[in-house]
Amino acid sequence: MNVFVLLIFIATVLSQGLDLSKFLQHDYHFTIERADVHHYDKRYMNYLQAVPFKCNRTHVALNGTLNFKINVGSELVVMVQMYRFASNEYRLFPVRFQDKFCKFLEENVAGFQRLLNCGNFVGCPVVSNTNITVCNFIPDDSKLPPLIPSGSYKVNLHGFYSDNELFVLEIYGKITRPEVK
Ligand SMILES: *[C@@H]1O[C@H](CO)[C@@H](O)[C@H](O)[C@H]1NC(C)=O
Ligand SMILES: *[C@@H]1O[C@H](CO)[C@@H](O)[C@H](O)[C@H]1NC(C)=O
Ligand SMILES: *[C@@H]1O[C@H](CO)[C@@H](O)[C@H](O)[C@H]1NC(C)=O
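Numbering-wise, the sequence shown is residues -15 to -1, 1 to 166 according to mature numbering (1 follows the signal peptide of the UniProt record, and there is no 0).
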């Protein structure tokens, strides 16, 4: 399949009412390289921190602390926009989707349920004025959208609450495929 056909296919899959059960694949690996809090809005959040660290020779894990000033409850929306590295810069890549954070958690997209394994995050609804800590998070790449081409990516997670952007988290990582022998 050429890349153009592939991209149309991905866009079609993702635009059909975002069926998160389609986020299932065993074709590529996604590994985080680093992560940054691009910004957060102090009107809505007391605090947002992301601490990436090397947990072994090949993997980077994330620790983080979130603290919302407002009661986002189950209404926090996360919009994901991918950028692919090409010709020396990260360029807009046509993979973009959004849903409620609690839906992503329920469907275990990217292995988000692992966030419940470490730290004090106990799930939805998200509480306000409390340090929510998450730790040792490594995404489950089998729970990501299928068919994304190999390469270096920036994945921006935009947090929204009723049309207000609360934060932007930038995750840098690589998509690789096992070598075909
Ligand atoms: C590093 O940790 C990840 C996640 O726990 C694991 O999948 C991987 O096999 C580990 N790699 C090595 C070289 O230990
Ligand atoms: C919440 O987290 C921030 C940043 O890590 C820290 O400075 C603050 O002391 C923490 N507050 C509580 C109550 O743990
Ligand atoms: C990540 O969080 C875990 C659990 O709180 C802690 O043991 C570890 O030291 C943290 N790592 C970094 C690099 O902050």
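The beta-carbon is built from N, C-alpha and C at its ideal position, and this holds for glycine as well.
Residue span of the beta strand (DSSP E) that contains residue 120, given as start and end
Here residue 120 refers to the residue found at position 135 of the sequence shown. Unbroken beta strand (DSSP E) run through residue 120: 117 to 122.
Out of curiosity, what's the CA-to-CA distance linking residue 79 and residue 67?
Position 94 of the sequence shown, counted from the first residue, corresponds to residue 79. Position 82 of the sequence shown, counted from the first residue, corresponds to residue 67. Near 7 Å, if we compare the C-alpha coordinates of residue 67 and residue 79.
For ligand 5, is there a heavy atom less than 7 Å away from the beta-carbon of residue 116?
Among the ligands in the structure shown, ligand 5 does not appear; only ligand 1, ligand 2 and ligand 3 can be found there.
My output table needs one value for residue 96: the three-state DSSP class, helix, strand or coil.
If you number the sequence shown from 1, residue 96 lands on position 111. Residue 96: helix per DSSP, three-state reduction.
According to DSSP, is residue 164 part of a helix, a strand, or is it coil?
Residue numbering aside, residue 164 sits at position 179 when the sequence shown is read from its first letter. Coil.
Just to check my reading of the structure: residue 152 and residue 24 have Cβ atoms closer than 8 Å, yes? What is that Cβ distance to the nearest angstrom?
In the sequence shown, the residue the question calls residue 152 occupies position 167. In the sequence shown, the residue the question calls residue 24 occupies position 39. About 7 Å separates the two Cβ atoms, so the contact holds.
Can we say the region 53 to 73 touches the region 98 to 118, given the rule of at least three CB pairs closer than 8 Å?
yes
Give every residue of the same chain whose Cβ lies closer than 6 Å to the Cβ of residue -15, excluding the five residues on either side of it in the sequence, and list them in chain order.
As a first step, residue -15 must be located in the sequence shown, where it is residue number 1. With a pLDDT of 44 at residue -15, under the threshold of 50, the predicted position of this residue should be treated as unreliable, though the coordinate-derived value follows. Cβ neighbours of residue -15 beyond the five flanking positions: none.
Thinking just about the alpha-carbon of each residue, which of 69, 46 and 145 is nearest to the one in residue 38?
Counting from one through the sequence shown, the residue named residue 38 turns up at place 53. Minimum Cα distance to residue 38 is reached at 46.
At 3 residues or longer, and completely inside the region 29 to 107: list those beta strand (DSSP E) runs for me, N to C.
30 to 39, 45 to 53, 62 to 71 and 74 to 85
Can you have a look at residue 136 and say buried or exposed, based on whether 16 or more other CB atoms are within 10 angstroms of its CB?
Sequence index remark: in the sequence shown, residue 136 carries index 151 (1-based). It is exposed - the Cβ of residue 136 has fewer than 16 other Cβ atoms within 10 Å.
Please state whether DSSP places residue 12 in a helix, a strand or coil.
The residue labelled residue 12 in the question sits at position 27 within the sequence shown. The answer is coil: DSSP assigns residue 12 none of H, G, I, E or B.
Environment of residue 42 [buried if 16+ CB atoms lie within 10 Å]:
For the purposes of this step, residue 42 is taken as the residue at position 57 of the sequence shown. Burial call: exposed.
So is the beta-carbon of residue 56 under 7 Å away from any non-hydrogen atom of ligand 2?
Taking the sequence shown and counting its residues from 1, one reaches residue 56 at position 71. It does not: the Cβ of residue 56 is nowhere closer than 7 Å to a heavy atom of ligand 2.
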